Each structure stands twice: as structure tokens, then as C-alpha cells.
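K.L.:
Below is the structure I would like to discuss, written out as C-alpha cells.
2 protein chains.
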Amino acid sequence: MTRWLDHDEQQTWRAFLTASRALTETLDRELQHDAGMPHAYYEILVRLSEAPQRRLRMSELAESTGSSRSRLSHAAARLEAAGWIRREECPTDRRGQIAVLTDSGFATLAAAAPGHVEGVRRHLFDALSPAQVDQLRRISETLVAHLTR
Amino acid sequence: MTRWLDHDEQQTWRAFLTASRALTETLDRELQHDAGMPHAYYEILVRLSEAPQRRLRMSELAESTGSSRSRLSHAAARLEAAGWIRREECPTDRRGQIAVLTDSGFATLAAAAPGHVEGVRRHLFDALSPAQVDQLRRISETLVAHLTR
DNA sequence: GCGGCTTGGTTGAGCCTTCAACTAGTGACG
DNA sequence: CGTCACTAGTTGAAGGCTCAACCAAGCCGC
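Going down the list, the protein sequences come from chains A and B.
The working numbering applies: residue 1 is where the first sequence begins, and numbers increase by one.
The working numbering applies: residue 150 is where the second sequence begins, and numbers increase by one.
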């Protein structure tokens, strides 16, 4: 037997879908416009910038950005063509590749970050009360735990 | 001056991103696998199925699914090729088109719905407490209002 | 009724993602 | 030490989305 959604659940689900879609689309568009890259690529640069020596194995980078190996591989090809990252051989595993953030990539990221952070604040945090922010965090963490179980 | 995110805000933002991405990707994959259509197309069929006579002007359909006219136009071409919708001339505005859900489209939707709803329940509602569901709804509604302002 | 603005919708190019297939290197086990 | 399963990463095709350009048709003023 299907456990259908009642009216309230419907409303919740549709509101959530609309909100998350609108939010990600808005931020994606802003980033594309201001920095010439989609949000997914921005995230890759962020993770690299936070890693020791600004370098990560492709597989770790895929893991940490929540993308498939294939997606990351395509993305890396573009980022490399843009001169924002470079790929090096891994000394300990000859199958491996290490993605390295270039100076140009770091500079691009540094230029893009303020605008993007401002966008996140404006579109998300400014709209919610401190209590709601806290609730959203717990909800999100619960969902992540549940989905990656 | 950039209003940077503090540590807690960072965590909240990243958790939210991860959760909403994981959720939509999971449901999208399930739907693609079980019903042979992406979630965006499923939504179009749902809106049509709820409309009087299962028909809507393209512009209203775009509005109600939160997609651009261009996106809907491309989607409609595919849905029409699949035989799930059909487009008719609008009698009152000769520029207009009316999307109509076909019987085949309705049957496909009816077949896909139980599995999808079950997925939404399993991945979202089952993970959260009733209080959290209520919080999520208010948060989402607040964000939608804020973003479409 | 005729310029000119606006609206409804489509189109094509380019980009991103997915999926499945593939290469190459690693590691474990007999 | 050879074989077989698994892991790292890439590739290409196909599909979906965005953006900008475009064609009609409606609408508004004079």
C-alpha cells in the first residue's frame, strides 16, 4: 500500500522543493554572472583551497564535493583548460591523479568569494531567524545522515 | 565590507547544500530508473494532471513548475515526442499554446507516482520528527517568499 | 490604422551531468 | 608469481539546462 502524502506534507514538500531550487538557481546564476563559473566548480576550488598545499587526490575531491568521479573528471578538464587547476601524477599510486589549485585559480576564487558569500547571506541567512537557522542545520544534518546511510 | 560566514553558518550552509543535493539527486535517479523521466518532467505531468481538463497554457505551466519558458519549451518537445502531452492552439490568443496531458501521459504518471511518493516519504519525512517537518515547512515558505520578492 | 513596445513561445549553441564502457594499475589469494 | 577481482580515473554519447536571439501576435498611443 502506498503511503500517500497528506495535504500538509504535500505543502511542505513542494515548498521545500521550490525553496531549494530557487536558492541554488539564484546563487548559481549570480556566480556564473560574476565569476564565470557554476557553483559546482566554485565548490571544487574551495575544497582545494582548504586542503594542505592546495592539492587533493581526485577521489577525495570527488568525495568531498559530493560528485561522481565522472563528473569531477569532466569538471577537472574544464578547470584545467581555464588554468585554475593542474593535474599531477600521484607518486604512491600510479593510477592516481592529484588536483592542484593554481595561483590563478586561487586568485579567481579570492575574487569570487566575497560576492558569493554575500549572496548566501542575503538569500538565506538574512531571511531566517537565528532559531530557524539552527533548526535548518539540525534538519540538514539529519537528512545527510539518513541519506548517506 | 564582506560579511563572511562564521563557523556555524558555514556548517549550516554546507549541510543544507549537501542535504538538498543528495535528496534531489536520489529522487531524480529513482524516478529516472523507475519511470524513465527526470523529476522536472514528472512535475510537469503532475501539474497538468491537477489542472481542469488536464490542460494548461504553456506560460502558466512554466510559472507553476518554476521553470523558464525556454526550459519548458524544450521539455514539452520531449514530452510530446514521448506521447505524454500534446500541444494545441489557444483559441483566445493566437500566440498561445495549450499543453494537454494525454491518456498515455496520465497512465505513465499514475504508474510512477506510488514509487516516487514512497521515495519522498522514505528519504524525507521518515527521517524527521513531526516538529522538524513543521519547521522545515515554515523555513521553506519564508525562503520562497524572500527569494521571489 | 499604424508605429512601437510588450508578451508568448520556440530555437540553437554551448555547457554540464549521467550512464555505461573502458584502460590501467593494485592487491590478495592460492 | 600468476591470476582474478577491485579501484582510480577517463571517455563519449545522449539528454537536460541556460542564454541570447528570434518570430509572431497582442496592445497602446496618437
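Glycine residues also receive a C-beta, built at the ideal position from the N, C-alpha and C atoms.
Fair warning: this is a prediction, and the values are worked out from it, not measured in the lab.
(1) Could you have a look at R204(B) and say whether DSSP puts it in helix, strand or coil?
(2) Along the chain, which unbroken stretches of the alpha helix (DSSP H) at least 4 residues long are found entirely within the stretch 98-135 of chain A?
(3) What residues in its chain sit with their C-beta under 6 angstroms from that of Y42(A), if we drop five residues either side in the sequence?
(4) Taking R86(A) as part of the beta strand (DSSP E), name the residues at either end of that continuous run.
(5) What residues in the stretch 36-67 of chain A have a beta carbon less than 7 angstroms from any beta carbon of chain B?
(6) Figure out for me which residue from R55(A), F125(A), A131(A), Q135(A) has the closest Cα to the Cα of D155(B).
(7) Measure from the alpha carbon of V266(B) to the alpha carbon of each residue in L166(B), T151(B), T161(B), V195(B), then state which is nearest.
(8) Mind checking whether F165(B) and L147(A) have CB atoms under 9 angstroms apart?
(9) Tell me whether W4(A) is buried or exposed, calling it buried when 16 or more other Cβ atoms sit within 10 Å of its Cβ.
(10) For T297(B), which three-state DSSP category applies?
(11) Do G105(A) and L48(A) have their C-beta atoms within less than 9 angstroms of each other?
(12) Are the CB atoms of A99(A) and R86(A) nearer to each other than 9 angstroms?
(13) Rounded to whole angstroms, what's the CA-CA distance from H74(A) to T92(A)? Just pull it up for me.
(14) For a contact defined as C-beta to C-beta under 7 angstroms, what are the partners of I139(A) on chain B?
(15) Excluding the five sequence neighbours on either side, which residues of its own chain have a C-beta within less than 8 angstroms of the C-beta of P187(B), listed in chain order?
(16) For E179(B), which residues in chain A fall below 9 angstroms Cβ to Cβ?
(17) With C-beta atoms as the reference, is A189(B) less than 9 angstroms away from T214(B)?
(18) Among the candidates E174(B), G245(B), S217(B), whose CA atom is the shortest distance from the CA of G268(B)?
(19) Output, in chain order, the set of chain B residues within a Cβ distance shorter than 8 angstroms of Q11(A).
(20) Does any residue of chain A bring its CB to less than 9 angstroms from the CB of V266(B)?
(21) Roughly how many whole angstroms lie between the Cα atoms of A145(A) and A276(B)?
(22) First and last residue of the alpha helix (DSSP H) that includes L5(A)?
(23) Kindly say whether R227(B), judged by its beta-carbon, lies nearer than 9 angstroms to any beta-carbon of chain A.
(24) Please decide whether L154(A) counts as near chain B, where near means a Cβ-Cβ distance under 9 angstroms.
P.N.:
In terms of the structure at hand:
(1) strand
(2) With a minimum length of 4 residues, the continuous alpha helix (DSSP H) runs that stay inside the stretch 98-135 of chain A are 103-123.
(3) L31
(4) Per DSSP, R86(A) belongs to the beta strand (DSSP E) from 85-89.
(5) Within the stretch 36-67 of chain A, the residues whose Cβ lies closer than 7 angstroms to some Cβ of chain B are G66, listed in chain order.
(6) F125(A)
(7) V195(B)
(8) The beta carbons of F165(B) and L147(A) sit no closer together than 9 angstroms.
(9) Under this definition W4(A) is an exposed residue.
(10) coil
(11) Taking 9 angstroms as the Cβ cut-off, G105(A) and L48(A) qualify as a contacting pair.
(12) Result yes, Cβ atoms of A99(A) and R86(A) sit closer than 9 angstroms.
(13) 24 angstroms
(14) L277, Q281, Q284, L285
(15) For P187(B), same chain residues with a beta-carbon under 8 angstroms away, outside a window of 5 residues either side, are D177, L180, Q181 in chain order.
(16) Per Cβ cutoff of 9 angstroms: no residues; E179(B) is ~12 angstroms from chain A at best.
(17) yes
(18) E174(B)
(19) Going along chain B in sequence order, the residues near Q11(A) (Cβ under 8 angstroms) are R286.
(20) yes
(21) 9 angstroms
(22) Here L5(A) belongs to no alpha helix (DSSP H), and DSSP marks it neither H nor E.
(23) no
(24) The structure shown does not extend to residue 154(A), since chain A is modelled only from 1 through 149, so no value can be given for it.
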